[in-house]
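Working notes, structure below.
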Ligand code: ATP
Ligand code: MG
Ligand code: FE
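Numbering (the UniProt record's numbering), first residue to last: 4 to 336.
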């Protein structure tokens with residue numbers, strides 16, 4: 004079965020055609036990063052305008068690359084949330100129009116579920132599994148007993164991991180979004196600053212990154228005030244070590260308690276080389292019976308292919324949306 008999937012929740016306009024929730028026939032991603040970079044973050048109005056300009060072209064490109072006609076589709080899927088409401092609405096309305104014009108069922112997909120199902124495009128997800136979702140807006144540990152069951156067992160109390168990366172990136176002057184740049188710098192430095200590891204020993208699966216962020220910012224400001232030289236490479240390495248330590252520690256603990264078959268990394272920060280490496284090492288050494296899935300780099304960030312993969316489960320369950328479908332900015336799994 005073939006699904007045309009559409010994703011416009013933030014600053015990527017994307018469309019994809021996915022077969023049986025596994026095979027990528029096409030996956031077109033138009034990033035708007037350049038338009039937002041000079042503002043140091045995503046500007047919602049600019050994002051919506053770009054989506055309007057791009058959406059039709061991107062969908063046509065996805066269909067052309069897949070080499071199929073609309074009559075050969077079985078459903079149209081779209082991200083309904085979470086995300087920017089104005090951005091979501093562009094995708095939702097495009098999906099409704101195509102569904103109506105070609106008499107196709109409409110499937111509303113949760114963006115975070117999509118991030119998790121990116122793994123289904125490169126591996127086979129088996130249950131029960133635990134997913135560590137680390138992205139620009141979310142840091143969550145999600146337990147899945149089956150493909151359509153999602154239980155948040157832990158989450159950040161303040162900043163998301165990606166958000167913390169982007170905020171400290173701004174302080175040391177790397178371009179938005181800072182995550183990728185900090186990651187590259189981190190590999191050339193050492194953990195000499197020893198930033199705090201928040202909530203490491205607490206008896207829950209929650210996270211907190213705002214203390215780490217403040218500690219980083221204070222270190223930078225104090226040094227600047229005293230006119231001291233800053234080693235930004237070591238700062239990046241120290242920040243990354245603190246983030247990966249807490250993420251890996253709590254994830255391993257939760258996976259052990261939940262006795263899962265798989266551990267599944269997901270979200271934009273899943274592209275982080277330090278995290279991929281640390282999690283791989285921890286699973287190899289501490290729970291060799293658990294299978295670790297990490298999406299390929301091109302499927303970590305926002306893309307429509309992952310939405311098509313998640314939508315396939317809903318298609319099989321005949322879980323369809325109607326034309327009252329709306330953008331849901333604060334939607335949870
Ligand atoms: P959400 O998925 O929570 O709605 P989003 O869609 O905006 O938010 P994603 O696109 O999933 O977020 O991820 C973007 C985030 O990933 C940004 O914060 C970015 O800095 C971060 N990121 C991307 N690559 C890396 C990397 N190599 N290391 C750390 N962070 C990274
Ligand atoms: Mg983005
Ligand atoms: Fe995302």
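Even for Gly, the Cβ is constructed at its ideal location relative to N, Cα and C.
Check whether the Cβ atoms of residue i and residue j sit closer than 8 Å, and answer yes or no.
| i | j | result |
| --- | --- | --- |
| residue 150 | residue 334 | no |
| residue 255 | residue 202 | no |
| residue 265 | residue 294 | yes |
| residue 198 | residue 245 | yes |
| residue 420 | residue 270 | Because the chain in this structure spans residues 4 to 336, residue 420 falls outside the shown range and cannot be described. |
| residue 210 | residue 253 | yes |
| residue 9 | residue 97 | yes |
| residue 95 | residue 112 | no |
| residue 216 | residue 123 | no |
| residue 268 | residue 298 | yes |
Three-state secondary structure (DSSP) at residue i?
| i | result |
| --- | --- |
| residue 17 | strand |
| residue 249 | helix |
| residue 175 | coil |
| residue 147 | strand |
| residue 83 | strand |
| residue 41 | coil |
| residue 334 | coil |
| residue 321 | coil |
| residue 201 | coil |
| residue 7 | strand |
| residue 49 | helix |
Please name the residue, chosen from the options, that lies closest to residue i on a Cα-to-Cα basis.
| i | options | result |
| --- | --- | --- |
| residue 79 | 41, 91, 35 and 20 | 20 |
| residue 388 | 204, 173, 260 and 44 | In this structure the chain extends from 4 to 336, so residue 388 is not present and cannot be described. |
| residue 218 | 167, 156 and 247 | 167 |
| residue 233 | 282, 28, 24 and 175 | 175 |
| residue 116 | 50, 310, 95 and 196 | 310 |
| residue 75 | 89, 152, 22 and 140 | 22 |
| residue 170 | 195, 190 and 214 | 214 |
| residue 15 | 6, 7 and 49 | 49 |
| residue 41 | 260, 180 and 91 | 180 |
| residue 325 | 304, 282, 107 and 285 | 107 |
Contact the segment 234-247 vs the segment 179-189: 3+ CB pairs below 8 Å: yes
Determine contact between the segment 28-35 and the segment 101-120, defined as no fewer than three beta-carbon pairs at a distance below 8 Å. no
What ranges does the beta strand (DSSP E) occupy inside the segment 234-320, keeping only unbroken runs of at least 3 residues that lie completely in it? 265-269 and 294-296
Specify which residues have a beta carbon nearer than 5 Å to any heavy atom of the ligand FMN, listing them in chain order. As for the ligand FMN, it is missing from this structure, which binds only the ligand ATP, the ligand MG and the ligand FE.
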